[in-house]
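Working notes, structure below.
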Amino acid sequence: MPRIFYAAVPLLLLTAFPALASDGAQTGPIAKGQPTKLTPRQIHAYASALLEIQTLKQKLSSQLAKLEPQQADLLQSRAQAEMVRVVEKHGLDLSAFNAISAEVERQGRLRDQVKQLMMEELLST
């Protein structure tokens, strides 16, 4: 049983910190350390992607508890690839998604705005 817990830890960390795993390099219009001016489109895309990723993670967490460690690792790899597809489906790349995540963590008002957009989208479905 402890092995299952350790296999689930990376997935749980993604829940705590919404930024997806990447090489840490950030390029494009949203770069680390620079003042970031996000467009309403980027904020909406981020909120939609994050909501979809969180839904995916909830489904996966129940599946992970039932799997052997090797199967859990495979499922996590597939889930990571699916999360990347979700981000890209919403018109963002990983570096932009991660940079927006960092801004959301830094700016309380932006965090509240993202939560509001996610709630509105959740209630509209």
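Start counting the sequence shown at 56; every next residue gets the next number (the numbering used here).
Each residue gets a CB set at the ideal place from its N, CA and C atoms; glycine is no exception.
Just so you know, these numbers come straight off a predicted model, no measurement behind them.
A contact between stretches requires three or more CB pairs, one per stretch, nearer than 8 Å, and the stretch 102 to 117 meets this requirement with the stretch 144 to 152. Around the beta-carbon of A136, fewer than 16 other beta-carbon atoms lie within 10 Å, marking it exposed. Leaving aside the five residues that flank V169 on each side, the residues in its chain whose CB is nearer than 6 Å to its CB run, in chain order, A102, V159. Secondary structure at Q162: coil, using DSSP grouped into helix, strand and coil. With fewer than 16 neighbouring CB atoms inside 10 Å of its own CB, M174 falls in the exposed class. Within its own chain, the residues whose Cβ lies closer than 8 Å to the Cβ of H99, once the five positions on either side in sequence are excluded, are L172, listed in chain order. Straight-line spacing of the CA atoms in L178 and L122 works out to 32 Å.
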